[in-house]
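Sequences listed follow chains X and F, in order.
Counting in my numbering, the first sequence runs from 2 upward without gaps.
Counting in my numbering, the second sequence runs from 329 upward without gaps.
Glycine is no exception: its CB is placed at the ideal position from the N, C-alpha and C atoms.
Bear in mind the structure is a predicted one, so any value in this text is a computation, not a measurement.
Report on the structure given below.
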Amino acid sequence: MNSLSLSFELAGCVAAILLIIGMPVAYWLAFSNWRGKFLLESLVALPLVLPPTVLGFYALLAMGPRGPLGKLWIVLFGHGLAFTFTGLVLASTVYSFPFAVQPLMVSFEAVDRKLLDASALLGAGKWRTFQRIILPLSLPGVVTALVLSFAHTLGEFGVVLMVGGNLAGVTRTVSIDIYDHVQSLEYGEANHLALLLLAIAFAVLCLVYAVNRRVWAPAWTRWSAK
Amino acid sequence: MGAGVDAMVSKVSSGTLVASIRKERRDAGAFVLNVSFEAPPGFTILFGPSGAGKSTLLDCLAGLVRPTTGKIVIGENVLFNSMIHIDVPPQIRRMAYVFQSLALFPHLTIEQNVAYGLRDIGQQDRRARVEEILEAFRIARLRNQKPSQISGGEKQRTALARSLVTRPQLLLLDEPLTGLDAELKASIVEDLRAWNAAKRIPILYVTHSREEVDALGERVIAIDNGRVVSHGAPMDVLDAPRRKRLAQAAGFENLLSATVLDLREPDGVMRIRLGESACEIEAPLAHASAGDLVQIAIRAGDILLASQRPRGLSARNVLEGKILSLEQRGTMCIARVDCGVTFVAHVTPSAVRALELASDKQVWLVLKTHSCHLVD
């Protein structure tokens with residue numbers, strides 16, 4: 002498998018996982034009244050400020066044959082986690098966590114509380130209110146979360162290098178590949194991949210900003226009403 | 329299960345609301361809501377100045393805010409009782425609450441909004457009920473529109489329909505009709521009355537508009553500063569306001585301080601002097617003695633204007649003054665008249681023309697003794 006499709010596979014897995022686990026976390030952060038909420042908020046935002054190598058280093062320790070996660074994995078599946086695709090997915094999920102949770106949280110918080118009260122008074126429980134009111138009204142946030150976590154995972158380097166190493170077809174993602182090409186003075190090859198990543202990153206950001214500015218607002222509301 | 333539940337609900341839905349609620353709010357300083365009242369089926373108006381605690385009261389009834397102590401019962405359904413730790417959550421209280429902001433779901437169509445509260449019933453039954461209420465509130469033709477595409481009055485109709493289609497046992501309305509013109513308001517209220525004639529549930533209607541009280545009033549509960557200050561028929565509660573804030577809210581445009589000059593007990597009147605002016609008028613006798621400072625409330629609509637000094641009147645108070653300003657508002661003219669103190673009087677545009685009223689014109693104000701209400 003070439004490095005590009007491997008990167009896409011990794012980013013796709015991470016974005017999907019983050020959407021699923023990001024929603025309950027974002028919901029809790031948006032609606033909980035617990036005073037210690039800031040602790041979890043800080044924890045979620047930590048990968049934003051942490052050097053990827055620091056996160057990668059601890060991820061490697063945890064996943065190594067003597068780390069808790071690595072030991073558990075050996076017991077369950079008979080092999081370790083470090084330098085595997087699964088290990089890469091796990092570490093990347095942690096690394097991209099804030100990119101999924103923060104847009105979700107912000108859009109959940111932006112939903113008018115009166116609508117939630119109205120929904121409850123019309124007999125809807127929390128789950129139904131989430132499904133029918135909060136989620137449809139937060140669709141731009143959901144798209145942003147998906148796209149940002151996908152793009153962020155696509156471009157990561159430090160964590161992948163620490164946890165995944167550089168195994169062709171298993172953990173050699175496109176950003177590692179670019180690094181390799183540069184090391185081997187293959188500037189032409191490096192340039193191809195680098196340009197591609199640049200174009201993808203720009204396209205992704207265009208999508209996020211367009212969705213949030215509701216460039217296609219009429220079409221959007223028609224679609225989200227279904 | 330639909331039929332069984334409906335049968336049970338229609339039996340209890342004719343219940344009277346009995347509530348006694350005490351709510352202390354930490355965030356609002358020393359504000360304490362402490363009220364007890366009953367509301368039988370039909371309209372009950374909750375009337376009072378803003379900040380009196382009306383909305384907090386509705387939030388408590390709906391279960392959105394938990395009272396510090398108290399009891400809320402409809403018919404035989406106990407919804408809240410702090411003594412025995414009953415607190416039914418809002419989603420199963422079967423109360424309809426129409427907020428001032430209406431809170432229509434912006435991403436759903438009018439029909440989807442209205443059907444939102446109906447789900448534990450069969451498709452066919454659901455369709456029939458939605459259809460019935462869309463017709464009753466005249467919004468059937470808007471069924472596929474979004475809330476952002478319809479007018480203010482139509483939004484209000486949608487919000488009412490959405491709440492009532494669930495067959496609630498109590499309807500709470502927090503100034504849902506503010507901002508509508510009188511005609512539209514009256515037509516919505518008529519539809520609401522027609523709907524409730526069959527269902528007979530208590531409707532608590534919060535307003536600080538005197539006109540709405542007159543239009544709707546069966547019973548009024550006047551609330552001020554977190555307490556029930558009076559209740560009864562609208563005439564009794566609002567035409568003899570005993571508190572200044574209530575008088576202002578009840579549409580007494582003229583609130584003047586006055587000094588009692590002398591009491592004429594055999595006639596049941598007393599003479600008072602208005603403010604620092606030389607104006608002396610006669611007011612109904614009250615528990616006061618000469619020299620006391622009192623507050624007098626007079627409706628702008630109770631003041632007559634004359635372009636010449638009137639004679640041969642039964643009204644005891646005639647004051648000479650000069651028009652300061654005339655302002656037309658709708659079908660009514662508001663005249664401000666300086667008689668030493670400034671009065672506000674309402675006259676019709678045709679009267680303005682007939683009397684050739686204009687700024688600086690000399691006029692005489694005529695006040696009946698019993699139009700002068702004493703307030704605390």
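Residue i - containing alpha helix (DSSP H), residue span
| i | result |
| --- | --- |
| Trp523 of chain F | Ala510 to Lys527 |
| Phe375 of chain F | Counting along the chain, Phe375 of chain F falls outside any alpha helix (DSSP H), though it belongs to the beta strand (DSSP E) covering Gly370 to Phe375. |
| Tyr444 of chain F | Taken as a continuous stretch (DSSP letters only), Tyr444 of chain F belongs to no alpha helix (DSSP H), as it is neither H nor E. |
| Lys127 of chain X | Lys127 to Thr130 |
| Asp453 of chain F | Gln451 to Ala464 |
| Val694 of chain F | Segment Gln690 to Leu695 is the beta strand (DSSP E) holding Val694 of chain F; no alpha helix (DSSP H) there. |
Cβ of residue i within 7 angstroms of any chain X Cβ
| i | result |
| --- | --- |
| Ala347 of chain F | no |
| Gln419 of chain F | yes |
| Ser429 of chain F | yes |
| Gly445 of chain F | yes |
| Tyr533 of chain F | no |
| Leu392 of chain F | yes |
| His413 of chain F | no |
| His435 of chain F | yes |
Residue interval of the beta strand (DSSP E) (run including residue i)
| i | result |
| --- | --- |
| Asp387 of chain F | Unbroken run through Asp387 of chain F is the alpha helix (DSSP H), Lys382 to Ala390; no beta strand (DSSP E). |
| Cys207 of chain X | Note, Cys207 of chain X: premise wrong, no beta strand (DSSP E); alpha helix (DSSP H) at Tyr188 to Asn213. |
| Phe100 of chain X | Premise fails: Phe100 of chain X lies in the alpha helix (DSSP H), Phe86 to Glu110, not in any beta strand (DSSP E). |
| Leu584 of chain F | Asn582 to Arg592 |
| Asp178 of chain X | Unbroken run through Asp178 of chain X is the alpha helix (DSSP H), Val175 to Gln184; no beta strand (DSSP E). |
| Val346 of chain F | Leu345 to Glu352 |
Closer than 7 angstroms to chain A by CB, residue i
| i | result |
| --- | --- |
| Gly560 of chain F | Absent here is chain A; the protein component of the structure consists of chains X and F. |
Outcome for residue i when other beta-carbon atoms lying within 10 angstroms are tallied against a minimum of 16
| i | result |
| --- | --- |
| Asp1 of chain X | Outside the modelled stretch of chain X, which goes from 2 to 227, sits residue 1 of chain X, for which no answer is possible. |
| Val106 of chain X | Before going further, note that residue 106 of chain X is Met rather than Val in the sequence given. When all chains shown are included, Met106 of chain X counts as buried. |
| Ser687 of chain F | exposed |
| Trp523 of chain F | buried |
| Pro417 of chain F | exposed |
| Leu206 of chain X | exposed |
| Ile241 of chain X | With chain X covering 2 to 227 only, the question about residue 241 of chain X has no answer from this structure. |
| Ser93 of chain X | buried |
| Glu439 of chain F | buried |
| Ser678 of chain F | exposed |
| Phe131 of chain X | buried |
Any C-beta of chain F under 7 angstroms from that of residue i
| i | result |
| --- | --- |
| Phe126 of chain X | Just to set this straight, residue 126 of chain X is Gly in the shown sequence, not Phe. True, the Cβ-Cβ gap to chain F drops below 7 angstroms. |
| Lys115 of chain X | yes |
| Leu30 of chain X | no |
| Leu149 of chain X | no |
| Ala111 of chain X | no |
| Pro137 of chain X | yes |
| Leu105 of chain X | no |
| Ala169 of chain X | no |
| Ala92 of chain X | no |
| Asp118 of chain X | yes |
| Leu196 of chain X | no |
| Ala202 of chain X | no |
| Leu122 of chain X | yes |
DSSP state of residue i mapped onto helix, strand, coil
| i | result |
| --- | --- |
| Ile551 of chain F | strand |
| Ile21 of chain X | helix |
| Ile414 of chain F | strand |
| Phe711 of chain F | A question about residue 711 of chain F goes unanswered here, because the residues of chain F that appear run from 329 up to 704. |
| Trp35 of chain X | coil |
| Glu604 of chain F | coil |
| Ala643 of chain F | coil |
| Lys339 of chain F | With a pLDDT of only 42 at Lys339 of chain F, under the threshold of 50, the placement of this residue in the model should not be trusted; the figure read from the coordinates follows. Looking at Lys339 of chain F - three-state DSSP - the assignment turns out to be helix. |
| Phe359 of chain F | coil |
| Val160 of chain X | helix |
| Asp113 of chain X | coil |
| Ile651 of chain F | strand |
One or two residues paired with residue i in a DSSP bridge
| i | result |
| --- | --- |
| Ile478 of chain F | Looking at the DSSP assignment, Ile478 of chain F forms no beta bridge with any residue, so it has no partner. |
| Gly560 of chain F | F:Val548 |
| Pro612 of chain F | F:Val597 |
| Cys661 of chain F | F:Gln656 and F:Val675 |
| Ala625 of chain F | F:Leu583 and F:His701 |
| Pro530 of chain F | F:Gly370 |
| Lys399 of chain F | F:Ser348 and F:Asn409 |
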